[in-house]
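Worksheet: one structure, shown below.
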Amino acid sequence: MDKTIIPFWEETYLKDDVMTFSIEPNKTIKEFEHLLKKQSNILEVGCGEGQNVLYLAKQGYCNIDAFDISESGISKLKRLCEKDSLYINAFVHDLVTYTFDKKYDWIMSFATLCFVEKSAWKQFLLRAKENTNAGGIHIMHIFTDTVPASPDIAPFAIGLAKDGELKEMYNDWEILQFQSYTFEDEHPNVPKHMHAVNKIVAQKP
Ligand SMILES: C[S@@+](CC[C@H](N)C(=O)[O-])C[C@H]1O[C@@H](n2cnc3c(N)ncnc32)[C@H](O)[C@@H]1O
């Protein structure tokens, strides 16, 4: 990621009274949550301020790891956990250099992978697949180049996927859901803009 320009989310990660992306978890999490057990090992990659993992922690899932490259995002997530007496193992890390020290039942990432080079997110997914238990689930969401990167992310979106490229990474897993779509988005202090997305839910045989 270009370190000379500060992404818009860094500003709102400093404020606890505003959520940058949503106060709700991504709807795919609720849709597939029935596949989780309370003891499942869960990992979110690029968790930001944490709306997805906060939701899961509130439901009683107790083995949640979450990392993000943003120190302010992880600090905010820790403050929000403390406020609600929740425990999430949240830490700062770069997905490019992340190495696994355990196996997971559920690994998810939303709107993050495109911020590293394509070869890096592909390598990361290979490591993540390897470090997933049999029957485990991946929910991966990546911006694609079906529409040009919007101005809010253009300086950082160095690894936009081609439509279908994410799905190809899961040829050897069962695809429970694959969606390719565009949507209009808006964040505090960022004008409305369009994103194109590929989202996959896949299960390891
Ligand atoms: C658009 S935000 C999405 C945040 C979160 N996934 C969500 O949906 O609310 C992108 C996030 O990816 C994180 N990120 C960017 N590059 C990263 C990297 N190399 N490793 C880990 N996280 C990264 C950013 O810090 C930011 O929190």
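The sequence shown runs 307 to 511 under the working numbering.
Positions of the beta carbon are idealized from the N, C-alpha and C atoms, including for glycine.
- Would DSSP call W427 helix, strand or coil? Three-state DSSP puts W427 in a helix.
- Quick one: give me the first and last residue of the alpha helix (DSSP H) that G470 is part of. Counting along the chain, G470 falls outside any alpha helix (DSSP H), and DSSP gives it neither H nor E.
- Query: Got a sec: does ligand 1 put a non-hydrogen atom nearer than 6 Å to the Cβ of A467?
  - Reply: Every heavy atom of ligand 1 is 6 Å or more from the Cβ of A467, so no.
- Segments assigned beta strand (DSSP E), at least 3 residues, entirely inside the stretch 384–430: The stretch 384–430 contains these whole beta strand (DSSP E) runs: 395–398, 410–416.
- Comparing the C-beta of S376 with each C-beta of chain B, is any distance below 7 Å? Considering every chain present, this structure includes no chain B. It has just one protein chain.
- Message: Quick test of your reading: I481 and A502, contact by CB under 8 Å. State the CB separation rounded to the nearest angstrom.
- Response: Their Cβ separation, rounded to whole angstroms, is 19 Å, which puts I481 and A502 out of contact at 8 Å.
- Item | Residue span of the alpha helix (DSSP H) that contains E330, given as start and end | No alpha helix (DSSP H) contains E330, which DSSP labels as neither H nor E.
- Task: May I ask you to list the residues that DSSP assigns as paired with L349?
- Result: Partner(s): D371, I413.
- Message: Looking only at its chain, what residues have a beta carbon closer than 6 Å to the beta carbon of I445, apart from the 5 residues adjacent to it on each side?
- Response: Listed in chain order, the non-local C-beta contacts of I445 below 6 Å within the same chain comprise T334, M414, V507, local neighbours out to five positions each way being set aside.
- Item | Spatial distance of V398 from K321 (CA atoms) | Near 18 Å, if we compare the C-alpha coordinates of K321 and V398.
- Task: Note down the Cα distance separating E337 from I312, rounded to an integer number of angstroms.
- Result: E337 and I312: Cα-Cα distance of roughly 34 Å.
- Beta-carbon contacts of R433 that lie in its chain and below 8 Å, excluding the five residues immediately before and after: Hits under 8 Å: Y404, T405, F406.
- Query: Any heavy atom of ligand 1 closer than 6 Å to the CB of T418?
  - Reply: Checking every heavy atom of ligand 1 against the Cβ of T418, one is found closer than 6 Å.
- Query: Who pairs with S486 in a beta bridge, going by DSSP?
  - Reply: N504, per the DSSP bridge assignment.
- For ligand 1, is there a heavy atom less than 6 Å away from the beta-carbon of F327? Yes - ligand 1 has a heavy atom lying nearer than 6 Å to the Cβ of F327.
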